[in-house]
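In the working numbering, the protein residues as written are 1 to 149.
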């Protein structure tokens, strides 16, 4: 009869490992934490500033999809809370669609954005929601006329 494997489960996420370790411990499973992954804001602030501009100009045919609880905090740290909040307010006034993956992602968002967000429990459900509901509705909206520059 072989002995049970006593090697710990290795937890490598950038955060959230403590909760996972407690859950494993509750079931008698050893774990070790060694976060191999690190997330941080981009060194170049231009993409975040460009995103703020796109968000400010967004309309009802826009779907904002957020898949990580870290996204909004990183954007705020690079683009600035004030500009991001103003762009968000404008986008929400224009009735953009907001979709997120998971309660953790939704919980990391500022109030008005979290209130508007449609939550899918995982990436597969998000894709199903997009393909089955959101994209057909967005395609059905009239496209605003844009004067060529």
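Ideal placement from N, C-alpha and C gives every residue a C-beta, glycine not left out.
- DSSP places residue 134 within a helical segment (H, G or I) once states are collapsed to three.
- When DSSP assignments are scanned along the region 88-125, the uninterrupted stretches of alpha helix (DSSP H) that are 4 or more residues long and fall wholly within it turn out to be 102-107 and 111-116.
- Residue state for residue 68 is assigned as coil, using DSSP reduced to three classes.
- In the three-state scheme derived from DSSP, where H, G and I count as helix and E and B as strand, residue 48 is classed as helix.
- Counting the other Cβ atoms within 10 Å of the Cβ of residue 37 gives fewer than 16, which makes it exposed.
- Annotation for residue 121: 102 place their beta carbon closer than 7 Å to its own, counting only its chain and skipping 5 residues before and after.
- Across the set 8, 29, 33 and 9, the C-alpha of 33 shows the shortest separation from the C-alpha of residue 17.
- Under the DSSP definition of a beta bridge, residue 77 lacks any partner.
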